[in-house]
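Structure first, commentary second.
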Amino acid sequence: MPIIEGKISLRTRLFLAMVILVFTACIMILVATYFQYDSESESYNQFRMERKEKQLFSQINYLVKRNKLYPIILNDWSTHANDFESVRSILNVDYSIFDLNGNPLYTNFLPLKIIANNYKIEKRIIDLIGSNPSKRYIENNTDEIGRFQSSYSYLSDSSGDPYAILFFPYFEDVSFSENELNTFLQSLYQIYLLMMVIAIGIAYFISKYVTRSLETLRLQINSTGLLKKNEKIHLSNPSREIDSLVKSYNKMIDDLEKSAEKLAKTEREQAWQEMAKQVAHEIKNPLTPMRLSIQNFQRRYEKSSNEINKINVDEFSNLLIEQIDVMSNVATAFSDFATLPKAKLKPCNIVEVTRRATEIFEYENIIFNSNADKVIYPLDRTQWIRVMTNLIQNGLQSVNSNKKAKINIKMKNHPDKISILVSDNGSGVDPNLKNKIFEPMFTTKTKGMGLGLGIVKKIIEIHKGRISYKSENKTGTTFTIELPKNKTK
0 MPIIEGKISL RTRLFLAMVI LVFTACIMIL VATYFQYDSE SESYNQFRME RKEKQLFSQI
60 NYLVKRNKLY PIILNDWSTH ANDFESVRSI LNVDYSIFDL NGNPLYTNFL PLKIIANNYK
120 IEKRIIDLIG SNPSKRYIEN NTDEIGRFQS SYSYLSDSSG DPYAILFFPY FEDVSFSENE
180 LNTFLQSLYQ IYLLMMVIAI GIAYFISKYV TRSLETLRLQ INSTGLLKKN EKIHLSNPSR
240 EIDSLVKSYN KMIDDLEKSA EKLAKTEREQ AWQEMAKQVA HEIKNPLTPM RLSIQNFQRR
300 YEKSSNEINK INVDEFSNLL IEQIDVMSNV ATAFSDFATL PKAKLKPCNI VEVTRRATEI
360 FEYENIIFNS NADKVIYPLD RTQWIRVMTN LIQNGLQSVN SNKKAKINIK MKNHPDKISI
420 LVSDNGSGVD PNLKNKIFEP MFTTKTKGMG LGLGIVKKII EIHKGRISYK SENKTGTTFT
480 IELPKNKTK
């Protein structure tokens, strides 16, 4: 496997990674197997201990009841020591019995700590038995014969009152589980050896196959550029991982094209804004002196005795002033588009503001509906009224003169957003022009500068919202505004 300029190649790294992964998995399975067997052994011994203890309870309670050893009298218990010894022989267990103060009643096996305490149970252990809800206390001990568990529990009569303490030592039997574990591990070692050999061969071929596809990806990525048409990658029968990389690359190409389009759009908008500033400046500067000059010229002829000349001058002057006003409006529109003031967002009742915007038009077929009477939303009141009046005006102008215009405005308050639908019954938008409708200087009307919808979109984007539309030819157009609640402050 190649190593280039002191660096391990990707192919070698993949090969080593897969081999190490298989080896690590084998080790982890071995460790997990060991702990699983250990846990099963512990559960088995715990179950065995509880089963033996229950058998002891049953036999001892039977002897106590049969021989009437309760209330406890030490001499009576000594008399029946052979009965308790027979229980030990039958169940093949060691045990001892103490009274509630820890004094021995019957002893068969005692740990060194009890012997060292004058054959009595420590008061600490008696207190622990009484404080435990199960009335049982277990501790681990180590003696000269090895490790074992000591179980201390109450012996109770038929009414549930304790009359003695049972000491039951339990020595774990691990011989069966150890033999079974050793046999299983020997078989596992042989299987893992075969698995490692197979894994090495598979890792070699996979690393070779993967790197071949990655080389194709590398060459294609190197040739990718922002200002060029990038080709997508198409591989035959790629692996799932490589296919995922190819899809990610192809998605990146799509995103790159979208980013390039957005960049071009932003550059166009900036160019329009610069042009709008220049046009507004160049037009407005001479308009005021022109208007004043014409008005002065008009006043000179007001005292003229020639009525014909006076009428002609008035008509000519009014015509010029009217055209100057038109040019002034054009310059103002360009200026507004180029220097849209910064939005001053304040909490407003958007329902009320929208309703008042519709009332500006004295037209009976403008209908406003809302599913809420009051919705507080951060708005620039002036800019929002401008949005609504632009959309309503646009809808009214789209209707032919031989048809009665109808404008429907529906506002819906959702948990995560506010939606406003503005519908008209106009002639609709030509599908071939749908990508240009929000561009500045685009219009399908015979009058206007084509800046209205561009300004509308700009204001809505300032409010972190978005606008879209649906249109059917000869039927009408519906503009949809969505204002997210979770993106505004």
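Just so you know, numbering that gives the first Met the number 0 puts 36 at position 37 of the sequence shown, and the rest follows in order with no gaps. Don't be surprised by glycine CBs; every beta carbon is placed ideally from N, CA and C.
In its own chain, which residues sit with a C-beta less than 7 Å from the C-beta of L109, not counting the 5 before and 5 after it? For the purposes of this step, residue 109 is taken as the residue at position 110 of the sequence shown. Hits under 7 Å: S95, Y118.
Would you report the Cα separation of E471 and K403, rounded to the nearest angstrom? Residue mapping note: residue 471 aligns to position 472 of the sequence shown, counting from 1. Residue mapping note: residue 403 aligns to position 404 of the sequence shown, counting from 1. Each residue's alpha carbon lies about 18 Å from the other.
So F367 is in the beta strand (DSSP E); what residue range does that whole segment cover? Position 368 of the sequence shown holds residue 367. It spans 365 to 369 - the beta strand (DSSP E) in which F367 sits, taken as one unbroken run.
I need the DSSP call for D37, collapsed to helix, strand or coil. On the sequence shown, position 38 is the one that residue 37 refers to. Helix.
Flag this pair as yes or no: are the beta carbons of S400 and T476 separated by less than 8 Å? Here residue 400 refers to the residue found at position 401 of the sequence shown. Here residue 476 refers to the residue found at position 477 of the sequence shown. It is not a contact, given that the beta carbons lie outside the stated cut-off.
From what residue to what residue does the beta strand (DSSP E) around G475 run? If you number the sequence shown from 1, residue 475 lands on position 476. Run containing G475: 475 to 483, per the beta strand (DSSP E) assignment.
From N66, M195, L180, residue whose alpha carbon lies closest to that of Q35: Locating residue 35 in the sequence shown gives position 36, counting from the first residue. Taking only the C-alpha atoms, the option nearest Q35 is L180.
Check each candidate in S152, P237, L262 and name the one with the smallest Cα separation from I205. Along the sequence shown, one-based indexing puts residue 205 at 206. Comparing Cα-Cα distances from I205 to each of S152, P237, L262, the minimum goes to P237.
Extract the residue ranges of the beta strand (DSSP E) inside the segment 21 to 107, only unbroken runs of 3 or more that lie entirely within it. 95 to 97, 103 to 105
Please report the distance separating the alpha-carbon of I164 from that of Q185. The residue given as residue 164 occupies position 165 in the sequence shown. The residue given as residue 185 occupies position 186 in the sequence shown. Straight-line Cα distance between these residues: approximately 46 Å.
Looking at the strands, I want to know which residues DSSP matches up with R465. Within the sequence shown, residue 465 is the residue found at index 466, counting from 1. Answer is E481.
Where V398 sits in the DSSP three-state scheme: By 1-based counting over the sequence shown, the position of residue 398 is 399. The answer is coil: DSSP assigns V398 none of H, G, I, E or B.
For V386, which three-state DSSP category applies? Numbered from its first residue, the sequence shown carries residue 386 at position 387. Helix.
C-alpha gap between H462 and L378, whole angstroms: The residue labelled residue 462 in the question sits at position 463 within the sequence shown. The residue labelled residue 378 in the question sits at position 379 within the sequence shown. Using only the alpha carbons, I get a separation of about 7 Å.
Ordered along the chain, which non-local residues of its own chain (more than five positions away) have a Cβ less than 6 Å from that of T182? Translated into positions along the sequence shown, residue 182 becomes position 183. For T182, where only same-chain residues beyond five positions count, there are no Cβ hits under 6 Å.
Applying the criterion that 16 or more other CB atoms from any shown protein chain within 10 Å of the CB defines a buried residue, is E256 buried or exposed? For this step, residue 256 is matched to residue 257 along the sequence shown. Answer is exposed; the Cβ neighbour count stays below 16.
I'd like the span of the beta strand (DSSP E) that includes F142, first residue to last. To locate residue 142, count along the sequence shown from 1; it is residue 143. Here residue 142 turns out to be Asp, not Phe, going by the sequence shown. Note, D142: beta strand (DSSP E), 135 to 142.
One or two residues paired with P161 in a DSSP bridge: Taking the sequence shown and counting its residues from 1, the one referred to as residue 161 is at position 162. For P161, which the question treats as bridged, DSSP gives the partners S155.
I think I419 touches I480, with their Cβ atoms under 8 Å apart; what is that distance to the nearest whole Å? Residue 419 sits at position 420 when you count from the first residue of the sequence shown. Residue 480 sits at position 481 when you count from the first residue of the sequence shown. Between I480 and I419 the Cβ distance is about 4 Å, and since that is below 8 Å, they are a contact.
With the cut-off set at 8 Å, would you say T388 and A356 are in Cβ contact? Taking the sequence shown and counting its residues from 1, one reaches residue 388 at position 389. Taking the sequence shown and counting its residues from 1, one reaches residue 356 at position 357. Closer than 8 Å, so yes.
Residue range of the beta strand (DSSP E) that K112 falls in? Here residue 112 refers to the residue found at position 113 of the sequence shown. Not the beta strand (DSSP E): K112 falls in the alpha helix (DSSP H), residues 111 to 115.
Nearest neighbour of R354, chosen from N81, M410, E39, N393 [CA to CA]: Here residue 354 corresponds to residue number 355 of the sequence shown, with the count starting at 1. Ranked by Cα distance from R354, the first of N81, M410, E39, N393 is M410.
Go to D423, then tell me how far its beta strand (DSSP E) extends in each direction, as first and last residue. Locating residue 423 in the sequence shown gives position 424, counting from the first residue. Per DSSP, D423 belongs to the beta strand (DSSP E) from 416 to 423.
Indicate the three-state DSSP secondary structure (helix, strand or coil) for L344 in the structure shown. Here residue 344 is taken as the residue at index 345 of the sequence shown, counted from 1. Taken through DSSP and simplified to helix, strand or coil, L344 comes out as coil.
Taking its Cβ as the centre, do 16 or more other Cβ atoms sit within 10 Å of Y489, making it buried, or is it exposed? No statement about residue 489 is possible, as the shown extent of the chain runs from 0 to 488 and does not include it.
Short of 8 Å in beta carbon distance, which residues of its chain neighbour I3, apart from the five on each side in sequence? Order them along the chain. Working through the sequence shown from its first residue, we reach residue 3 at position 4. With a pLDDT of 47 at I3, under the threshold of 50, the modelled position of that residue is not reliable, and no figure is offered here.
Where do the ends of the alpha helix (DSSP H) carrying Y120 lie? Taking the sequence shown and counting its residues from 1, one reaches residue 120 at position 121. Rather than Tyr, the amino acid found at residue 120 in this sequence is Ile. No residue range can be given for I120, since it is assigned to no alpha helix (DSSP H) and is classified by DSSP as neither H nor E.
Alpha helix (DSSP H) containing I349: first to last residue? Working through the sequence shown from its first residue, we reach residue 349 at position 350. Counting along the chain, the alpha helix (DSSP H) containing I349 begins and ends at 349 to 358.
Name the two residues that bound the continuous beta strand (DSSP E) containing Y376. Start at 1 with the first residue of the sequence shown, and residue 376 comes out as number 377. Note, Y376: beta strand (DSSP E), 375 to 378.
Starting from K405, trace the beta strand (DSSP E) both ways and give me its first and last residue. Translated into positions along the sequence shown, residue 405 becomes position 406. Per DSSP, K405 belongs to no beta strand (DSSP E) and is neither H nor E.
Please name the residue, chosen from I232, S369, I201, N485, that lies closest to L213 on a Cα-to-Cα basis. One-based indexing of the sequence shown puts residue 213 at position 214. The shortest CA-to-CA distance from L213 to any of I232, S369, I201, N485 is the one to I232.
Have a look at E84 and R47 and give me their C-alpha separation to the nearest angstrom. Walking along the sequence shown from the start, residue 84 turns up at place 85. Walking along the sequence shown from the start, residue 47 turns up at place 48. Near 21 Å, if we compare the C-alpha coordinates of R47 and E84.
Output yes or no for whether 8 Å exceeds the beta carbon distance between Y151 and Y136. What you label residue 151 is simply residue 152 of the sequence shown in a count that begins at 1. What you label residue 136 is simply residue 137 of the sequence shown in a count that begins at 1. Taking 8 Å as the Cβ cut-off, Y151 and Y136 qualify as a contacting pair.
Rounding to the nearest angstrom, what Cα-Cα distance links N489 and F147 in this structure? As displayed, the chain neither begins before 0 nor continues past 488, which places residue 489 out of reach and without an answer.
Tell whether a beta-carbon distance below 8 Å holds between G352 and K373. Working through the sequence shown from its first residue, we reach residue 352 at position 353. Working through the sequence shown from its first residue, we reach residue 373 at position 374. It is Val, not Gly, that sits at residue 352 in the sequence shown. Cβ distance not < 8 Å, so V352 and K373 don't count as in contact.
Going by the beta-carbon positions, is the gap between Y203 and F22 smaller than 8 Å? Taking the first residue of the sequence shown as position 1, residue 203 is located at position 204. Taking the first residue of the sequence shown as position 1, residue 22 is located at position 23. Not in contact: Y203 and F22 (Cβ atoms no closer than 8 Å).
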